[in-house]
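The structure appears below as structure tokens.
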Amino acid sequence: MRHVVIVGQGPSGLLAADWLSALGAAVTIVAASEGSLALWSGSFDFRNYDQDGSMVTDPWQWWAEPSHRTFAQAWELSDWKRWWTALLRSFKDIGLIVDLTLPRENRWIVAPTGRLRPTFWCPPWQWTLSSSEPNEPVTLVDVGSLLDTPINWLKARTRNESAWLTETVALRRPDAWRRHWSGLAWAAFLDQPAGADWLITESIQAREHMRLSGALVFPQVLGVATTERLIQRISDAVDRPVFEYALMPPAVGGIRIRERWRKSLKSRGVLFRPGHVVEVTDSGVRLGESAGRIAADEVVIATGGMVGGGLALNHEGILTNTATGERGFFSGELNALTSVGVGNRRSHGYVVGRMVGGSDPDRHGDGGAMNVWSVATAVQAIMGERAVNSWLSTREEGPG
Amino acid sequence: MRVVVVGAGATGLGIAWDLSLRGIKVTVVEQGDIAQGTSGRFHGLLHSGARYAVRDPKAARECFEENKILRKIAVGSIEPTGGYFVEPEASNSAYSQQWVQAMNRLGITMRETSLGELRLRVPELHPKIQRAYWVPDGVINGFELLFRMRQGIEMQGGTVRLFTRVSGVKVEPLGRVEGVEVQSRQGGTEWIACDGLINAAGPYASEVAKLFSHPFPMRLSRGVMLVFAERKVSAVINRLAPPGDGDILVPHHRISIWGTSDEETSDPEAGPPSIEESRRLLSLARDLFPEMHQWRVLRAFSGVRPLYQAETSMDSRHVTRDFTIIDHAQMGGPEAVVSVVGGKWVTYRLMAEKAVDAMVAKLGITATCKTEDVLLPPLGESRLELRRDRVNLCECEEVSGEEVAAWPEASLGQLRTRTWFSMGPCQGTFCLHRVAETRIADGDVKTLDSEVMSLRRERDRGMAAALWGDNARQWALSRSIRSQVLAEVESE
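Respectively, the protein sequence lines represent chains A and B. So for the first sequence, the working numbering puts the first residue at 5; every next one is plus one. So for the second sequence, the working numbering puts the first residue at 18; every next one is plus one.
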């Protein structure tokens, strides 16, 4: 059995653990911190913006263009299709309610300030709008005094600038409410039976004030552990679909995915070990503070960009990957930074993540695609293409 | 009797305050916000004069005297930290001797400090410092001092018009100034009648002078400074050497500012610093603060010093830090028009006194200066008492919703300098949308968006100029949150 150590537990680290363990590898995840999933609400981008900043409606078409295949191993659309499906199936396996049909077009998600942003795939709780068709009217829910819900800004923008119709209903505050409650505190409250009951009662009350007949949209506070059940209960109570829009980090949506993923991986035998990797060698990794070594046949480095802390810059502008020791000069352009990590094997270990291969996901909106591509590339290299292909075909055909 | 003052930096507001106290009505016209130019972009040092003791004794003496006055009239906005002049290992002790003699000659307070005491007081300093002297340096809260001055001016019946620029000067047939044409940001123009005009436009002074006279020679000198997230020292630390780049660290509230560079420029607008400029400045700290490269850097910023110089052959470090009052009538310009150039932040009051003395002579009245003895009125309710259950909109700088609400008219950019929100390590990433939410009452999304983006750009420029260590990570995180969560996509 091949033993693989994965450094980092953000989206690409967990994805690599998922696929490698499914293919029969023994996986240990070593991470110094909680990982970056908690930063985001869980959407995965394919390609949102063209080079000139204009929005991409059909990412499939964008990737079909030969000049857009910028990577060493350019993928055909059929490759993207197989691996995206594998990702969605992994999400289904960890308990998200997922439709395995891949989206045809980018949809819009709504920022807490009401701005629209394209994305390819979102978890089912996320409120999305069609970017190419008229949208149904919606009712926005104002859960009182939530610091990171700029509800008035959101309202003003939807009123002034948007093509869809909205109204707002305000919920009263529960007795337990405290001034400092963040989205996460709200979610913890609503995870409890008393909190959920309070919300159902309030939603039924609020229903009296709703004039529109479309979906009911909450800020992202609808529980961490009980979300789907809660959404179903509200939906039954008010007789309309219920969604959420994402808030600022810490993002409840990302935490939901992280918790379920970790639990599922643990049940499949993946080991999680806290620790700071200071050296990667041919025989494994060495941990800092004399915490010893972990032997491995292969190492996957998923430490993220600077956000994840995997890359260090010293005052001379020298960028060092703290895991590989790889060095490069940082000129102030993010592009120079991202080219440090590539999906292929570099001396020791495979580097995976959203900022690989010269990609600038913040600008291009292709972070999800980069995660999928770099992890898939590493998985193929470690487990062999034949094994991976036969595994993928069972994934495609298996029971939906 | 009305005098128009151009510029709402330290000098302009100082002049308007001085005029107000002499009973003369004033209108201050400022193209941007209070302290948007040079006065808002300095290290905050309340000079003791020691820096200029050898080369520029007149400026040194003035700094020393004004330092004492500001401690009195601006109490609350001055932090009397004291300062040290320290001589790094292997530096030229001949200069130190010269400096000590000059200090004694000028009578600037000074005492030699034992290296043991120095190490105790400032443990961050290089262990091989060979000599140290204590001087009465201090730290100025520049923004607060100017807001107090503005409040005083308005209490005396004066007017401060921000985001308004002077576009013309009207001169009567006999050659006296009789009014100025001003243009608001929205583009409307109007005339303000006046009996005198004082040009205190800092780096723009020569441009303003073109409206009524020949431009005069100025030397613009650009200085870059680095901001660190912690208060690393308890007193101002100066390098005991001839004035040069990278020779001062100022503890400013909870942060520290390291400065500066000095480079001649022709642009009165201080462009953003480059990462090369900040790294060069950082490298100059090695013999004073060997660990500085590991301190948590926040950002870099730059300012332009408006120096006045008739001869053009000198390097700008050698141009006097003293100031000059120009009577335009003597240069063939209109009567009752005065320009003030050069000087130091610390000597703003003296500059104002001399400029206003020149003006009252022109106006033919006698009224003596009172600014030396009148306390600047303290700010009202801008910083409210800490409440037990308060919720901070800006967590880095602990700015609550109540504090933001105390400035109902301020734009987001103005709120930044008034409440200090967005000035901490996250540079607004986690608070700008919260503060913006408080300003959406009238539903004007476009204006709010543009204020948000302009504050983002301003913060971003400062961060991008100091991209190393944790600040680089913070910058990358900030960029990601803006694009992934807040969907603030800007074409690059």
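Glycine included, every Cβ here is placed at the ideal spot set by N, Cα and C. Here the structure is a predicted model, which means the values were calculated and not measured.
### Message
I need the boundaries of the alpha helix (DSSP H) containing S428(B), first residue and last residue.
### Response
In the second sequence, residue 428(B) corresponds to position 411, counting from 1. Here S428(B) belongs to no alpha helix (DSSP H), and DSSP marks it neither H nor E.
### Cβ distance (whole Å) where V8(A) is taken to contact A300(A) below 8 Å
Position 4 of the first sequence, counting from 1, holds the residue named residue 8(A). Position 296 of the first sequence, counting from 1, holds the residue named residue 300(A). Correct: roughly 6 Å between the Cβ atoms.
### Message
Could you check whether the segment 181-196 of chain B touches the segment 82-97 of chain B, counting it as contact only if at least three pairs of C-beta atoms, one from each stretch, sit closer than 8 Å?
### Response
No: the two stretches stay apart, fewer than three of their Cβ pairs being nearer than 8 Å.
### Message
Just to confirm before moving on: does the CB-CB distance between W84(A) and V147(A) stay below 8 Å?
### Response
To locate residue 84(A), count along the first sequence from 1; it is residue 80. To locate residue 147(A), count along the first sequence from 1; it is residue 143. Result no, Cβ atoms of W84(A) and V147(A) do not sit closer than 8 Å.
### Bridge-paired residues (DSSP) for A174(A)
Locating residue 174(A) in the first sequence gives position 170, counting from the first residue. Paired residues: D146(A).
### Per-residue contacts from F229(B) into chain A (C-beta, under 9 Å)
Here the question's residue 229(B) lines up with position 212 in the second sequence. Near F229(B) there are no residues of chain A at all, since even the closest Cβ is about 44 Å away, more than 9 Å.
### Task
Spell out whether any CB of chain B is found under 8 Å from the CB atom of L120(A).
By 1-based counting over the first sequence, the position of residue 120(A) is 116. Closer than 8 Å to some Cβ of chain B, the Cβ of L120(A) qualifies, so yes.
### Contact set for S207(A): own chain, Cβ-Cβ below 6 Å, skip 5 residues either direction
Locating residue 207(A) in the first sequence gives position 203, where the first residue counts as 1. Excluding residues within five positions, the ones whose Cβ falls inside 6 Å are I238, A241, V242.
### Query
Taking Cβ positions only, does D22(A) come closer than 8 Å to chain B?
Against the first sequence, residue 22(A) aligns to sequence position 18. Closer than 8 Å: no.
### Task
Name the two residues that bound the continuous alpha helix (DSSP H) containing C80(B).
Your numbering for residue 80(B) matches position 63 in the second sequence. Note, C80(B): alpha helix (DSSP H), 74-90.
### Query
Grouping DSSP H, G and I as helix and E and B as strand, with all else coil, what is P234(B)?
By one-based count along the second sequence, residue 234(B) stands at place 217. In the structure shown, P234(B) sits in coil (DSSP, three-state: anything other than H, G, I, E or B).
#### Entry: G454(B) at chain A interface by Cβ criterion, 8 Å
Within the second sequence, residue 454(B) is the residue found at index 437, counting from 1. The question names Gly, but residue 454(B) in the sequence shown is Glu. Yes, contact with chain A.
### Query
Is there contact between the segment 431-451 of chain B and the segment 308-326 of chain B, where contact requires at least three CB pairs shorter than 8 Å?
They touch, by the three-pair rule.
### Query
Just the Cα atoms here: how many angstroms apart are W88(A) and L106(A)?
Walking along the first sequence from the start, residue 88(A) turns up at place 84. Walking along the first sequence from the start, residue 106(A) turns up at place 102. C-alpha separation (whole angstroms): 8 Å.
### Query
What residues of chain A sit near H143(B), judged by a beta carbon separation below 9 Å?
Taking the first residue of the second sequence as position 1, residue 143(B) is located at position 126. Around H143(B), no beta-carbon contact reaches into chain A at under 9 Å, the shortest distance being about 16 Å.
#### Entry: Beta-carbon spacing of R277(A), T32(A) below 8 Å
Working through the first sequence from its first residue, we reach residue 277(A) at position 273. Working through the first sequence from its first residue, we reach residue 32(A) at position 28. The criterion of a C-beta distance shorter than 8 Å is satisfied by R277(A) and T32(A).
### Query
DSSP beta-bridge partners for Y325(B)?
Position 308 of the second sequence, counting from 1, holds the residue named residue 325(B). Bridge partners of Y325(B) according to DSSP: M235(B).
### Query
Cα separation between E281(B) and G261(B)?
Along the second sequence, one-based indexing puts residue 281(B) at 264. Along the second sequence, one-based indexing puts residue 261(B) at 244. When rounded, the distance between both Cα atoms is 14 Å.
### Query
Closer than 8 Å, CB to CB, is G445(B) near chain A or not?
The sequence position of residue 445(B) within the second sequence is 428, counting from 1. It does not; no Cβ of chain A falls within 8 Å.
### Three-state secondary structure assigned by DSSP to Q130(A)
The residue given as residue 130(A) occupies position 126 in the first sequence. Note: Q130(A) maps to strand in three-state DSSP.
### Query
Can P351(B) and F229(B) be called in contact, C-beta distance under 8 Å?
Taking the second sequence and counting its residues from 1, one reaches residue 351(B) at position 334. Taking the second sequence and counting its residues from 1, one reaches residue 229(B) at position 212. Cβ distance < 8 Å, so P351(B) and F229(B) count as in contact.
### Query
Would a check of beta-carbon distances place M5(A) closer than 8 Å to chain B?
Taking the first residue of the first sequence as 1, we reach residue 5(A) at position 1. M5(A) does not count as touching chain B.
### Query
Over what stretch of residues does the beta strand (DSSP E) that includes H269(B) continue unbroken?
Counted from its first residue, the second sequence places residue 269(B) at position 252. In the DSSP assignment, H269(B) falls within the unbroken beta strand (DSSP E) covering 265-269.
### Task
For A76(A), collect the residues of the same chain with a Cβ closer than 6 Å to its Cβ; drop the 5 residues on either side in sequence, then sort them by chain order.
Numbered from 1 along the first sequence, position 72 holds the residue referred to as residue 76(A). Summary for A76(A): the model assigns pLDDT 43, below 50, so the residue's position carries little reliability; its value from the coordinates is reported in the next sentence. Nothing listed; no residue qualifies.
### Query
For the segment 495-506 of chain B, which residues have a beta carbon sitting closer than 9 Å to at least one beta carbon of chain A?
Here the close residues are R496, S497, I498, R499, S500, Q501, V502, L503, A504, E505, V506.
### Message
Suppose you measure from the CA of Y101(B) to the CA of E263(A); what does that come to, to the nearest Å?
### Response
For this step, residue 101(B) is matched to residue 84 along the second sequence. For this step, residue 263(A) is matched to residue 259 along the first sequence. Distance between the alpha carbons of Y101(B) and E263(A) is about 54 Å.
### Query
Where DSSP assigns a beta bridge to H7(A), which residues make up the other side?
To locate residue 7(A), count along the first sequence from 1; it is residue 3. A30(A).
### Message
Whole angstroms are fine: how far does the CA of Q114(B) sit from the CA of G124(B)?
### Response
Along the second sequence, one-based indexing puts residue 124(B) at 107. Along the second sequence, one-based indexing puts residue 114(B) at 97. Looking at the backbone, the Cα of G124(B) and that of Q114(B) are separated by about 15 Å.
### Message
I want to verify the contact list: residues of chain A whose CB lies under 9 Å from the CB of V408(B), in sequence order.
### Response
To locate residue 408(B), count along the second sequence from 1; it is residue 391. The contacting residues are S149, L151, R183, H184.
### Query
Helix, strand or coil for T123(A) per DSSP?
For the purposes of this step, residue 123(A) is taken as the residue at position 119 of the first sequence. Residue state, collapsed to three classes: strand.
### Message
Against R451(B), what residues of chain A qualify as contacts under a CB-to-CB distance less than 8 Å, listed in chain order?
### Response
For this step, residue 451(B) is matched to residue 434 along the second sequence. Residues of chain A passing the Cβ test: L151, D152, P154.
### Task
State yes or no: is the beta carbon of T61(A) nearer than 8 Å to at least one beta carbon in chain B?
Walking along the first sequence from the start, residue 61(A) turns up at place 57. By this cut-off, T61(A) is not an interface position.
#### Entry: Per-residue burial, L62(B) [other beta carbons within 10 Å of its own, 16 or more giving buried]
Against the second sequence, residue 62(B) aligns to sequence position 45. L62(B) sits buried, since 16 or more C-beta atoms from the chains shown fall within 10 Å of its C-beta.
### Message
Tell me which residues share the same chain as T434(B) and place their Cβ nearer than 8 Å to its Cβ, disregarding the 5 neighbours each side in the sequence.
### Response
By 1-based counting over the second sequence, the position of residue 434(B) is 417. Within the same chain, and ignoring the five residues on either side of T434(B) in sequence, the residues whose Cβ sits closer than 8 Å to its Cβ are D50, I51, A52, G57, F160.
### Task
Taking a Cβ distance cut-off of 7 Å, strictly less, list which residues of the segment 262-292 of chain B are near chain A, in chain order.
Here the close residues are I292.
### Query
What does T117(A) reach in chain B if we use C-beta pairs closer than 7 Å?
Locating residue 117(A) in the first sequence gives position 113, counting from the first residue. Contacts between T117(A) and chain B, judged by CB atoms closer than 7 Å, involve H450, L503 in chain order.
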